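Going down the list, the sequences are from chains A and B. First residue of the first sequence: 1, per the numbering used here; consecutive thereafter. First residue of the second sequence: 248, per the numbering used here; consecutive thereafter. So the structure is just underneath, and the comments pick up after that.
There are 2 protein chains.
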Amino acid sequence: MDAPVSGLAPVFSIENEAGRGAAVIVCEHASNHFAPEWGDLGTTAKTRKSHAAFDPGALDLARALARQLDAPLISGGLSRLIHDLDRPPHAPTAMPIVSQVHKIPGNRELTTTDRLRRVRQIYLPFHAALSALLAERLALGMPTALLTVHSFDPVYFGLHHNVELRVLHDADPTLARGLAKAATGFSTRLNEPSGTWIEGSHTLARHATPLHLRHAMLELRSDLLDKDLPGIAARLAPLLSGAIGAA
Amino acid sequence: MDAPVSGLAPVFSIENEAGRGAAVIVCEHASNHFAPEWGDLGTTAKTRKSHAAFDPGALDLARALARQLDAPLISGGLSRLIHDLDRPPHAPTAMPIVSQVHKIPGNRELTTTDRLRRVRQIYLPFHAALSALLAERLALGMPTALLTVHSFDPVYFGLHHNVELRVLHDADPTLARGLAKAATGFSTRLNEPSGTWIEGSHTLARHATPLHLRHAMLELRSDLLDKDLPGIAARLAPLLSGAIGAA
Numbered sequence: 001m002d003a004p005v006s007g008l009a010p011v012f013s014i015e016n017e018a019g020r021g022a023a024v025i026v027c028e029h030a031s032n033h034f035a036p037e038w039g040d041l042g043t044t045a046k047t048r049k050s051h052a053a054f055d056p057g058a059l060d061l062a063r064a065l066a067r068q069l070d071a072p073l074i075s076g077g078l079s080r081l082i083h084d085l086d087r088p089p090h091a092p093t094a095m096p097i098v099s100q101v102h103k104i105p106g107n108r109e110l111t112t113t114d115r116l117r118r119v120r121q122i123y124l125p126f127h128a129a130l131s132a133l134l135a136e137r138l139a140l141g142m143p144t145a146l147l148t149v150h151s152f153d154p155v156y157f158g159l160h161h162n163v164e165l166r167v168l169h170d171a172d173p174t175l176a177r178g179l180a181k182a183a184t185g186f187s188t189r190l191n192e193p194s195g196t197w198i199e200g201s202h203t204l205a206r207h208a209t210p211l212h213l214r215h216a217m218l219e220l221r222s223d224l225l226d227k228d229l230p231g232i233a234a235r236l237a238p239l240l241s242g243a244i245g246a247a
Numbered sequence: 248m249d250a251p252v253s254g255l256a257p258v259f260s261i262e263n264e265a266g267r268g269a270a271v272i273v274c275e276h277a278s279n280h281f282a283p284e285w286g287d288l289g290t291t292a293k294t295r296k297s298h299a300a301f302d303p304g305a306l307d308l309a310r311a312l313a314r315q316l317d318a319p320l321i322s323g324g325l326s327r328l329i330h331d332l333d334r335p336p337h338a339p340t341a342m343p344i345v346s347q348v349h350k351i352p353g354n355r356e357l358t359t360t361d362r363l364r365r366v367r368q369i370y371l372p373f374h375a376a377l378s379a380l381l382a383e384r385l386a387l388g389m390p391t392a393l394l395t396v397h398s399f400d401p402v403y404f405g406l407h408h409n410v411e412l413r414v415l416h417d418a419d420p421t422l423a424r425g426l427a428k429a430a431t432g433f434s435t436r437l438n439e440p441s442g443t444w445i446e447g448s449h450t451l452a453r454h455a456t457p458l459h460l461r462h463a464m465l466e467l468r469s470d471l472l473d474k475d476l477p478g479i480a481a482r483l484a485p486l487l488s489g490a491i492g493a494a
């Protein structure tokens with residue numbers, strides 16, 4: 001799969017495109033890369049390493065799950081601060097001025113040309129590629145659930161989270177409920193967003209619901225991934241397989 | 248806008264792309280054209296002129312409304328019998344074997360290669376173009392409602408319809424309800440599909456709902472369009488403007 005290239009980084013990548021498993025995995029916030037043409041948006045090094053810029057650990061987890069489920073994986077190649085792939089272009093959080101405590105000066109005075117360029121070069125190619133991946137599997141009659149893989153910070157606006165796994169869904173709760181019920185080994189919450197997480201998943205709304213695909217968004221606490229990502233993946237993969245099979 | 252070309256016909260066309268009105272108009276079933284590379288699918292001339300192949304009058308109505316609302320218009324350039332643009336690729340009605348009383352022999356034994364080719368050459372480019380049209384308007388901050396324009400046959404499975412205008416919606420009923428309420432000059436039904444119309448509009452589900460756009464699908468009885476299309480358009484346009492403004 002050829003992805004458009006921004007600077008030296010692909011805007012997105014597809015791995016294991018021909019995977020025969022019954023899921024497609026998406027990792028929108030995989031990367032904290034700022035390609036030269038976008039610059040670092042005036043952010044500090046601290047911001048660029050933080051959850052504001054990407055979901056630490058999410059790409060490695062998504063890759064491990066894709067291997068175990070033999071699923072295609074599509075992941076973003078640039079920081080979400082340039083254009084958040086899980087937000088529509090007109091959402092204030094698509095090109096945020098502030099993300100939690102982090103300021104993004106380079107997003108402060110965007111012209112319409114700036115916005116259009118990001119939409120055309122980042123948002124549209126990613127979603128067109130995911131759309132093609134799904135449509136082609138469906139045309140071939142392949143069973144396909146849509147899983148999105150995220151991580152969340154144990155500390156959010158100064159508060160510590162004890163939750164380890166969040167599972168969220170769009171219109172059809174079947175897969176998310178099945179997974180949340182089965183995930184007894186994790187401290188799990190179903191559809192319990194963090195304080196400011198009110199928009200839902202654009203990826204699920206845009207790709208899963210209109211195609212009637214079973215779906216779930218997974219969010220793992222990132223300190224758990226730091227400690228033992230292979231262990232988390234090994235525990236999650238059979239739960240996902242089971243929930244997909246039952247859904 | 249360059250559309251991919253199938254034979255001599257564009258797979259889709261965009262007119263008035265820079266329209267400044269507060270709507271985008273879609274006409275999925277605009278054409279009964281069968282480009283050489285697809286052939287006529289073994290259909291009879293009667294089938295190719297019927298509602299099975301397209302929505303007679305819908306394109307001209309959509310054009311008249313687009314002019315009056317200064318709206319961009321995207322329309323399909325090939326018969327829906329090759330790939331119905333208002334259906335996902337895995338819907339049985341996307342490449343139907345039978346449509347009402349009409350047999351479509353050329354859809355009977357499609358290989359996976361045939362299906363993939365139609366998805367890649369027809370379904371995906373159309374939806375990618377509509378997606379780009381909407382995303383770019385949203386990035387520019389332009390108010391955008393999504394209207395899809397269809398026609399229906401006064402005779403359906405042998406029964407005559409007295410209804411003149413059907414208005415349907417996906418998740419957000421606001422615009423459709425407003426329009427149905429205002430359309431007192433027409434015999435109007437809200438969300439009252441015909442007997443087999445059970446899938447909803449894929450276009451609305453795929454483009455309007457994930458972007459939180461106000462939306463409606465309009466279906467006009469085609470004998471009314473035959474008789475006085477300009478008159479219907481002139482009556483509908485202000486109703487649409489009013490409903491969009493109020494929604």
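For every residue, glycine included, the Cβ atom is placed at its ideal position computed from N, Cα and C. For clarity, every value in this text was computed on a predicted model and none was experimentally measured.
* So, are the CB atoms of Leu190(A) and Ala182(A) less than 7 Å apart? -> No, they are not a contact pair.
* Could you check if Ser434(B) is buried or exposed, using at least 16 other CB atoms within 10 Å of its CB as the buried criterion? => exposed
* **At least three beta-carbon pairs within less than 8 Å, the segment 351–360 of chain B to the segment 395–405 of chain B** => no
* Asked: Are the Cβ atoms of Ala208(A) and His215(A) separated by less than 7 Å?
  -> yes
* **Beta carbon proximity, Ala386(B) to chain A, threshold 7 Å** => yes
* At 8 Å on the CB atoms, spell out the chain B contacts of Ala205(A), in chain order. => Thr456, Pro457
* **Bounding residues of the beta strand (DSSP E) (the contiguous stretch that carries Phe399(B))** => 392–399
* **Residues of the segment 94–115 of chain A with Cβ closer than 8 Å to any Cβ of chain B, in chain order** => Thr112, Arg115
* Asked: DSSP state of Val366(B), grouped into three classes?
  -> helix
* Asked: If the cut is a Cβ gap below 9 Å, which residues of chain B does Leu168(A) touch?
  -> Within chain B, not a single residue places a beta-carbon under 9 Å from that of Leu168(A); the smallest gap is close to 15 Å.
* Asked: So with Cβ pairs under 7 Å, would you call Ala379(B) a contact of chain A?
  -> Taking a beta-carbon distance threshold of 7 Å, Ala379(B) counts as an interface residue toward chain A.
* Rounded distance between the beta-carbons of Leu316(B) and Ala484(B), thought under 8 Å -> 6 Å
* Residues bridged to Ile321(B) (per DSSP) -> Partner(s): Ile261(B), Val273(B).
* Determine, using beta-carbon pairs with one atom in the segment 60–75 of chain A and one in the segment 36–50 of chain A, whether at least three such pairs fall under 8 Å. => no
* Within 10 angstroms of the Cβ of Arg20(A), are there 16 or more other Cβ atoms? Answer buried if so, exposed if not. => exposed
* **Identified DSSP bridge partners for Val414(B)** => Leu437(B), Leu465(B)
* Kindly list the residues whose CB is nearer than 7 Å to the CB of Arg482(B), restricted to its own chain and excluding five residues on each side of it in sequence; keep chain order. => Gly432
* Extent of the continuous alpha helix (DSSP H) to which Pro125(A) belongs -> Here the alpha helix (DSSP H) through Pro125(A) covers 124–139.
* Val163(A) vs Ala62(A) beta-carbon contact at 7 Å -> no
* Could you give the DSSP three-state label for Ser241(A): helix, strand or coil? => Helix, per DSSP.
* Pro477(B), buried or exposed, once every other Cβ within 10 Å from all chains shown has been counted against 16 -> exposed
* Asked: Does the Cβ of Asp228(A) have 16 or more other Cβ atoms within 10 Å, making it buried, or fewer, making it exposed?
  -> Burial is judged here by how many other beta carbons sit within 10 angstroms of a residue's own beta carbon; Asp228(A) has fewer than 16 and is exposed.
* Residue-chain proximity (Leu124(A), chain B), Cβ-Cβ < 7 Å -> yes
* Where does Thr332(B) sit, in a helix, a strand or coil, going by DSSP? -> The sequence given here places Leu at residue 332(B); Thr does not occur at that position. In this structure, Leu332(B) counts as coil in the three-state DSSP scheme.
* Looking at chain B, which residues of the segment 44–75 of chain A have a Cβ within less than 7 Å of any of its Cβ atoms? -> Listed in sequence order: no entries.
* Asked: Does any CB atom of chain B fall closer than 7 Å to the CB of Glu136(A)?
  -> yes
* Under 7 Å from the C-beta of Pro89(A): neighbouring residues of chain B -> Ala382, Leu385, Ala386
* Identify every residue that forms a DSSP beta bridge with Leu406(B). => Tyr403(B)
* Please list, in chain order, all residues of the same chain as Ala247(A) whose beta carbon is under 8 Å from its beta carbon, the five residues on each side excluded. => Ala145, Thr174, Leu175, Gly178, Arg214
* **Cβ-based neighbour list, Pro335(B), same chain, cut-off 6 Å, excluding 5 preceding and 5 following** => His449
* Asked: In chain A, which residues lie with their C-beta within 9 Å of the C-beta of Ala375(B)?
  -> Leu124, His127, Ala128, Ser131, Ala132
* Helix, strand or coil: which one does DSSP assign to His207(A)? -> helix
* Asked: Residues of chain B with a CB under 7 Å from the CB of Val119(A): which are they?
  -> Ala382, Glu383, Ala386
* Secondary structure of His212(A), DSSP reduced to three states -> coil
* So Ala311(B) is in the alpha helix (DSSP H); what residue range does that whole segment cover? -> 305–316
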